[in-house]
């Protein structure tokens, strides 16, 4: 029974990977998280080739990796876009806004290097900085 389960085509994993890659692309990951998105696409392409060759275990593994990388790309793109929107709508003082913009740029640089967790953390920090209320001037 276990052998038949392992030997089956990874239909669901392939579908999940394709949907995750598409979702990442749709939120702008190709602009903000190219490293993760390209890695996801490479693993998905490899999984598709392995599926054709009936290497189901390898295809399943690579589809799961593709989905994971696509989710990372999606999360980076969403965080960067939220930070951009917060900066655009910000009423913060010029210094705070400059800090937010610098954090956002660091986030984008980290994303380009494939450092997705750092990119998300910096984008969220930029968003918080931009959303801080303006301080009253005495």
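In this note's numbering, the protein residues as written are 6 to 143.
We put the beta carbon where it would ideally sit given N, CA and C, even for glycine.
All values derive from a computational prediction rather than experimental measurement.
Thinking residue 135 and residue 75 are a contact (beta carbons under 8 Å), I'd like their distance in whole angstroms, please. Reading the chain shown from its first residue, position 130 is the one you call residue 135. Reading the chain shown from its first residue, position 70 is the one you call residue 75. The C-beta separation of residue 135 from residue 75 comes to about 27 Å, leaving the pair out of contact by the 8 Å criterion.
Which one of 17, 132, 96 has the shortest CA to CA distance from residue 110? Indexing the chain shown from 1 puts residue 110 at position 105. Comparing Cα-Cα distances from residue 110 to each of 17, 132, 96, the minimum goes to 132.
Pick helix, strand or coil for residue 98, following the three-state DSSP scheme. Translated into positions along the chain shown, residue 98 becomes position 93. DSSP places residue 98 in coil when its eight states are reduced to three.
Would you report the Cα separation of residue 137 and residue 121, rounded to the nearest angstrom? For the purposes of this step, residue 137 is taken as residue 132 along the chain shown, with counting starting at 1. For the purposes of this step, residue 121 is taken as residue 116 along the chain shown, with counting starting at 1. Take the alpha-carbon of residue 137 and the one of residue 121: they are about 24 Å apart.
Close beta carbons around residue 22, own chain, < 6 Å, minus the five adjacent residues each side: Walking along the chain shown from the start, residue 22 turns up at place 17. Within the same chain, residue 22 has close Cβ partners 49, 68, 71, 72.
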